[in-house]
Amino acid sequence: MLSAAHDILSHKRTSGNQSHVDPGPTPIPHNSSSRFDCNSVSTAAVLLADILPTLVIKLLAPLGLHLLPYSPRVLVSGICAAGSFVLVAFSHSVGTSLCGVVFASISSGLGEVTFLSLTAFYPRAVISWWSSGTGGAGLLGALSYLGLTQAGLSPQQTLLSMLGIPALLLASYFLLLTSPEAQDPGGEEEAESAARQPLIRTEAPESKPGSSSSLSLRERWTVFKGLLWYIVPLVVVYFAEYFINQGLFELLFFRNTSLSHAQQYRWYQMLYQAGVFASRSSLRCCRIRFTWALALLQCLNLVFLLADVWFSFLPSIYLVFLIILYEGLLGGAAYVNTFHNIALETSDEHREFAMAATCISDTLGISLSGLLALPLHDFLCQLS
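Note that the sequence shown covers residues 514 to 897 in this note's numbering.
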């Protein structure tokens, strides 16, 4: 949905302002009075529709989502994902498209908090695989959208071709994934399987020693305060990178290249996701204890690219490509190392709650970036 953000906001213009997606006429700047080629609405609007429902879900999750069995959560996540593709593909207005993005957000938020909580019932090594999988999902989404639209498919056809992905999600969960009770973590990653609820069940889980449901509110607050050392830098990292992605990508437009504005935007998204995938898959090779350093470097990225938007001093789009790839590497590294450090440093009885509580970090940072990117877009697009 974020890769399609530029198209979502531009594909229903009148004939005088043709979308960059459609072949044929030379694209006309959407705001001829501005030095930028701006949509009337910032792509941050799509970001907010994509992240605010997720934020609500993640804020409420630590309070009682654990009482709902995992299987219904995964089912709802898959259905919402499919519904989002259909709504956006067949929409005739930006408003309807944004409703589809909201469904995608519900799917993403519910899915993330559900599967991150599930990692508490498996060996700690699954954190690395979870992180690599989510990085690969971002890359696959951005690369498939870029590739299929470059190959000549319309955005509608591209979105409809993605309907197999939610079906694959449900099939892999219900048919492939092994119950944690059948696992034998062994060695240093031994877990108390007796305290774990079954993966697939229809009744509400019982409260068992060592599970999230047995923690008092005081215990939850104590655990949460201990997590702030990891939560705050992750919020900062995601604020900086999504301020770049949805606030600046659209404004980093190079006219001296064969790529149209929409194509440049898709390449930015794909390269960012490639960096995220690489670093989220790097835990076996590189582990970082102090994620504050990553937050600082990401903020420097933001300042540098904001300066380029203002002064236009970078001579080539390929330099921006490199910076965006580096931005993705920082974001992915912050994510995987944060959750790995938490998995190592929390006790078995607190781990499920800690994972669910910490996943609010990226969502909060992204939400704040979207709120600030909207007025920045309007301000910059009014400049002559």
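All C-beta atoms in this analysis are idealised placements derived from N, C-alpha and C, irrespective of residue type, glycine included.
### Task
Just confirm the distance between the C-beta atoms of residue 678 and residue 610, as a whole number of angstroms; I'd bet it's less than 8 angstroms.
For the purposes of this step, residue 678 is taken as the residue at position 165 of the sequence shown. For the purposes of this step, residue 610 is taken as the residue at position 97 of the sequence shown. The C-beta distance from residue 678 to residue 610 rounds to 19 angstroms, too long to meet the 8 angstroms contact threshold.
### Any beta strand (DSSP E) of 3 or more consecutive residues that is wholly inside the region 851-889
Here no run is fully enclosed.
### Task
Please name the residue in 582, 743 and 667 whose C-alpha comes closest to that of residue 626.
Within the sequence shown, the letter at position 113 stands for residue 626. Nearest C-alpha to residue 626: 582.
### Closest by C-alpha distance to residue 891, when choosing among 550, 619 and 517
Against the sequence shown, residue 891 aligns to sequence position 378. Checking every option, the nearest Cα to that of residue 891 belongs to 550.
### Message
I'd like the ranges of any alpha helix (DSSP H) spanning at least 4 consecutive residues and lying wholly in the region 622-678.
### Response
Counting only runs of at least 4 residues, the region 622-678 fully encloses the following alpha helix (DSSP H) elements, listed from N- to C-terminal order: 639-663 and 668-674.
### Task
Please go through the region 721-783 and give each complete beta strand (DSSP E) segment of 3 or more residues, from N-terminal end onward.
Taking 3 residues as the shortest admissible run, the region 721-783 contains no complete beta strand (DSSP E) segment at all.
### Query
Can you name the start and end residues of the alpha helix (DSSP H) that residue 604 belongs to?
Taking the sequence shown and counting its residues from 1, one reaches residue 604 at position 91. Per DSSP, residue 604 lies in no alpha helix (DSSP H) and is assigned neither H nor E.
#### Entry: Euclidean distance between Cα positions of residue 800 and residue 812
Counted from its first residue, the sequence shown places residue 800 at position 287. Counted from its first residue, the sequence shown places residue 812 at position 299. Residue 800 and residue 812 have their alpha carbons spaced roughly 21 angstroms apart.
### Query
residue 826: which of 849, 765 and 792 sits nearest, CA to CA?
The residue given as residue 826 occupies position 313 in the sequence shown. Taking the Cα of residue 826 as reference, the smallest distance to any Cα among 849, 765 and 792 is reached at 765.
### residue 598 versus residue 666 - alpha carbon distance
Position 85 of the sequence shown, counted from the first residue, corresponds to residue 598. Position 153 of the sequence shown, counted from the first residue, corresponds to residue 666. Between residue 598 and residue 666, the C-alpha separation is close to 15 angstroms.
### Query
Which residue's Cα is closest to the Cα of residue 877: 753, 617, 778 and 787?
Within the sequence shown, residue 877 is the residue found at index 364, counting from 1. It is 753.
### Query
DSSP state of residue 520, grouped into three classes?
Your numbering for residue 520 matches position 7 in the sequence shown. Reduced to three states, the DSSP call for residue 520 is helix.
### Query
For residue 744, which residues of its own chain have a beta-carbon under 7 angstroms away from its beta-carbon, when the five flanking residues on both sides are left out?
Residue mapping note: residue 744 aligns to position 231 of the sequence shown, counting from 1. Sequence-distant Cβ neighbours of residue 744 in its own chain, meaning closer than 7 angstroms and more than five residues away, are 871 and 874.
#### Entry: As assigned by DSSP and simplified to three states, the class of residue 794
Taking the first residue of the sequence shown as 1, we reach residue 794 at position 281. Residue state, collapsed to three classes: coil.
### Message
Pairs of beta-carbons, one from the region 837-854 and one from the region 777-787, closer than 8 angstroms: are there three or more?
### Response
Yes: the two stretches touch, three or more of their Cβ pairs being nearer than 8 angstroms.
### Task
Identify the continuous alpha helix (DSSP H) that holds residue 824 and give its terminal residues.
Within the sequence shown, numbered from 1, the residue matching residue 824 stands at position 311. Start and end: 805-824.
### Query
Exposed or buried, residue 888, counting other C-beta atoms within 10 Å across all chains shown (16 or more means buried)?
Numbered from its first residue, the sequence shown carries residue 888 at position 375. Around the beta carbon of residue 888, fewer than 16 other beta carbons sit within 10 angstroms, so the residue counts as exposed.
#### Entry: Beta-carbon spacing of residue 751, residue 879 below 8 angstroms
If you number the sequence shown from 1, residue 751 lands on position 238. If you number the sequence shown from 1, residue 879 lands on position 366. Taking C-beta atoms as the reference points, residue 751 and residue 879 count as a pair closer than 8 angstroms.
### Task
Report buried or exposed for residue 710, applying the criterion of at least 16 other Cβ atoms within 10 angstroms of its Cβ.
The residue given as residue 710 occupies position 197 in the sequence shown. With a pLDDT of only 41 at residue 710, under the threshold of 50, the placement of this residue in the model should not be trusted, and no figure is reported.
### Task
Give every residue of the same chain whose Cβ lies closer than 6 angstroms to the Cβ of residue 568, excluding the five residues on either side of it in the sequence, and list them in chain order.
Taking the first residue of the sequence shown as 1, we reach residue 568 at position 55. Only 876 and 880 meet the Cβ criterion.
### Query
Does the count of Cβ pairs from the region 630-639 and the region 647-657 closer than 8 angstroms reach three?
Between the region 630-639 and the region 647-657 there are fewer than three inter-stretch CB-CB distances shorter than 8 angstroms, so the stretches are not counted as touching.
### Message
For residue 672, which residues in the same chain have their Cβ closer than 6 angstroms to its Cβ, ignoring the five residues on either side in sequence?
### Response
As a first step, residue 672 is located in the sequence shown; it is residue number 159 there, counting from the start. Once the five neighbours on either side are set aside, the close Cβ partners of residue 672 are 598, 601 and 602.
### Message
Does the structure place the region 841-858 close enough to the region 789-799 that three or more beta carbon pairs sit under 8 angstroms?
### Response
Output reads yes: the region 841-858 touches the region 789-799.
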